[in-house]
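J.:
Numbering (my numbering), first residue to last: 1 to 103.
1. Indicate whether residue 89 and residue 81 have their beta-carbon atoms separated by less than 8 Å.
2. Grab the span of the alpha helix (DSSP H) containing residue 91 for me, first residue to last.
3. Excluding the 5 residues flanking residue 22 on each side, which residues of the same chain have their C-beta closer than 8 Å to its C-beta?
4. Is residue 81 helix, strand or coil by DSSP?
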């Protein structure tokens, strides 16, 4: 009985229509695995993209803060105040000015 069923299955598998069906089934299986793999890679790359965009946003905010800080430190009024008060500097008098001519 089992031998007869096995012979029928083998006979069915050797028919040209069955071979075409099996080949198409194999191609569909391989294609579906490719789609799953492609979706997986896309999700990984999208996750990495989101992480990089978050890092870029953080660095943009940090850069803007540094620009504001640089503007505050280089303000003329602050430089004048520090030079006069902390460094005890003063503008030179007319007698102390020396004009150097360029050759």
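Virtual Cβ for every residue (Gly too), placed ideally from N, Cα, C.
T.: On the basis of the coordinates in this document:
1. As a working note, residue 89 is residue 89 in the chain shown. As a working note, residue 81 is residue 81 in the chain shown. No, the Cβ-Cβ distance between residue 89 and residue 81 is not below 8 Å.
2. As a first step, residue 91 is located in the chain shown; it is residue number 91 there, counting from the start. Counting along the chain, residue 91 falls outside any alpha helix (DSSP H), and DSSP gives it neither H nor E.
3. In the chain shown, residue 22 corresponds to position 22, counting from 1. Excluding residues within five positions, the ones whose Cβ falls inside 8 Å are 13.
4. The residue labelled residue 81 in the question sits at position 81 within the chain shown. Looking at residue 81 - three-state DSSP - the assignment turns out to be helix.
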